[in-house]
Every structure is written in structure tokens, then in C-alpha cells.
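Peer 1:
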């Protein structure tokens, strides 16, 4: 079955620490994976997509087909990164359960 | 360009009632999808409409239904409400014929069932 798994419900780090939000997927075929973010009192919005291989707000994510993972990484977390993050397999409209990132000062 | 608009933003219903939620997509977007967001389950896909046709459906009971109009506006209906239906209902629109790429979300309709 097609599935997206985000094993951590909550990830807490201090400002300046590295961050890695985990995402694993199960999909037969070539997946199209995204990270969406929801800041407090804002709409859910696209953060980045694997096909663009870009860095947005210092975040990167690499698709690892061997490990079926698409982890989101940032070398130095900022307080403004505190938000809810969802990994998504959007051509099948499948989202993970989300990880709340808390960055403490 | 106006974003995705959902109405009403908040509503309170009692068990057994029904509710209709509305979603106006970004102008030019033809695909509208609906999601139920709860703290424990994250985002769960309800259904997707494209050009007035339901293209995909999630694993929700038949009490959950939807439709799309010729102007791409969409409605979802939940009949015989249950306490567990309390959630934030999000809709998203996208331009492309195949739902791939960036989804643009509305602010959601928060439903409370008493």
C-alpha cells in the first residue's frame, strides 16, 4: 500500500542545532515527494519538492530511493522554523501525520 | 490573485445533523481536493474533483460526499454527523490536470460536533 510515514510527532531542538525531520514512503513507481509546512496561524504551504533539488529557507531534502526516504534537513535551526511539517506524496494525495518542530532560543 | 477561500470558517453542529462546506479555488485552477486534519491523524485525503468529476476518493464512509461546479467551486457534505467528525477541513486547489505539483490550501473550516 502507498504510505508516507513520519515517525516523530514532535522534535525539539535549540536554536543553532541541526535538524532532521524523517520521512519514509512506500510507493510502487517513481514517487513525487514534497514537504509542506504550516506555521502558527498560517495556511499549509509548500516548502520544497524533490524534483527541484533546491534549498528553501536553509532546508534541503534528498530523495533516497534505496532507503525509500525523503528526510528534511537544516544545518542550523532558527526559532522561526517552529512549525508543523508534513511530508507528502502528492500525485496520490497522501500525506504523513506530520512532525511538529519546536526550536527553543 | 486571490487565494483559496473556504466558508464557513467555524461552525458548531450537533450529532445527527448534516453540514455543507464550500471551497472556492484560485482562479484558473480546475482541481480541488479535500482533507480532514486532526491532531492525531494529520491530513487525511477525502476526495479530489477535476472538471466536475470525482477523480480520487479516500477511505471515508459514504456520509462524506462532495461535488464540483462548472466554475470549479466545490462543496463537501457530511451527513449524520458524529463526534469524531470534529476536525479542521481543508481544501486545496491546483492548476494541472493531473494532481501533481504544488497544492494551494485554504485556511480551513473548523467543525465542532457536540
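Residue numbers (the working numbering), protein chains in the order written: chain A, 827 to 931; chain B, 2 to 115. Glycine included, each C-beta is placed from N, C-alpha and C at the ideal position. Remember, predicted model here, so these are calculated numbers, not experimental data.
1. Just verifying my parser: in three-state terms, what is the DSSP assignment at residue 43 of chain B?
2. Near residue 65 of chain B, which residues of its chain fall below 8 Å by C-beta distance, leaving aside the five closest residues on each side in sequence?
3. Counting only Cβ pairs nearer than 9 Å, list the residues of chain B close to residue 869 of chain A.
4. Please list the residues of the region 48-66 of chain B that have a C-beta atom closer than 7 Å to any C-beta atom in chain A, keeping them in chain order.
5. Give me the Cα-Cα distance between residue 9 of chain B and residue 71 of chain B, rounded to the nearest whole angstrom.
6. With distances taken Cα to Cα, identify the nearest neighbour of residue 21 of chain B among B:86, B:95, B:96 and B:41.
7. Given that a residue counts as buried once 16 or more other Cβ atoms are within 10 Å of its Cβ, and exposed if not, what is residue 106 of chain B?
8. I think residue 74 of chain B touches residue 25 of chain B, with their Cβ atoms under 8 Å apart; what is that distance to the nearest whole Å?
9. In the region 20-51 of chain B, which residues sit with their C-beta less than 7 Å from some C-beta in chain A, listed in chain order?
10. According to the Cβ coordinates, are residue 896 of chain A and residue 859 of chain A closer than 8 Å?
11. So is residue 922 of chain A in contact with chain B if we call contact Cβ pairs under 8 Å?
12. Would residue 912 of chain A and residue 44 of chain B qualify as a contact pair, given that the criterion is a beta-carbon distance under 8 Å?
13. Using a C-beta cutoff of 8 Å, does residue 842 of chain A count as contacting chain B?
14. Who are the neighbours of residue 886 of chain A on chain B, taking C-beta pairs under 7 Å?
15. Three or more C-beta pairs closer than 8 Å, one from the region 875-895 of chain A and one from the region 11-21 of chain B: is that the case here?
16. Within 10 angstroms of its Cβ, does residue 11 of chain B collect 16 or more other Cβ (buried), or is it exposed?
17. Can you find a C-beta in chain B that's less than 8 Å from the C-beta of residue 831 of chain A?
18. Give a yes or no on whether the minimum CB-CB distance between residue 874 of chain A and chain B is below 8 Å.
19. For chain B, check one thing: does any of its Cβ atoms lie closer than 8 Å to the Cβ of residue 865 of chain A?
20. Please identify, using Cβ separations under 7 Å, the residues of the region 898-929 of chain A that lie next to chain B, in order along the chain.
21. Taking only three categories from DSSP, how would you classify residue 67 of chain B?
Peer 2: Straight from the coordinates:
1. Residue state for residue 43 of chain B is assigned as strand, using DSSP reduced to three classes.
2. Taken in chain order, the residues that qualify are 47, 48, 77, 78 and 79.
3. For residue 869 of chain A, the chain B residues whose Cβ falls inside 9 Å of its Cβ are 4, 5, 91, 105, 106, 107, 108 and 109, in order along the chain.
4. Going along the region 48-66 of chain B in chain order, one finds 49 and 57 with a Cβ nearer than 7 Å to chain A.
5. Distance between the alpha carbons of residue 9 of chain B and residue 71 of chain B: 21 Å.
6. Nearest C-alpha to residue 21 of chain B: B:86.
7. Answer is buried; the Cβ neighbour count reaches 16.
8. Right, the Cβ-Cβ distance comes to about 5 Å (below 8 Å), so this counts as a contact.
9. Per Cβ criterion, the list reads 34, 42, 43, 44, 46 and 49.
10. Contact flag set, yes.
11. By the rule that beta-carbons nearer than 8 Å mark a contact, residue 922 of chain A touches chain B.
12. Yes.
13. No, its Cβ sits nowhere closer than 8 Å to a Cβ of chain B.
14. Here the premise fails: no neighbours, minimum Cβ distance about 18 Å.
15. The answer is no - the region 11-21 of chain B does not touch the region 875-895 of chain A, with fewer than three Cβ pairs under 8 Å.
16. Classification of residue 11 of chain B: exposed, given that the 10 Å Cβ count is below 16.
17. In terms of beta-carbon proximity, residue 831 of chain A stays away from the interface with chain B, with every pair separated by 8 Å or more.
18. Proximity of residue 874 of chain A to chain B, defined by a Cβ-Cβ separation below 8 Å, is not satisfied.
19. For residue 865 of chain A, no Cβ of chain B is located within less than 8 Å of the residue's own Cβ.
20. Flagged, chain order: 912, 916, 917, 919, 920, 921, 922, 923 and 924.
21. DSSP, reduced to helix, strand and coil, places residue 67 of chain B within a strand of the structure shown.
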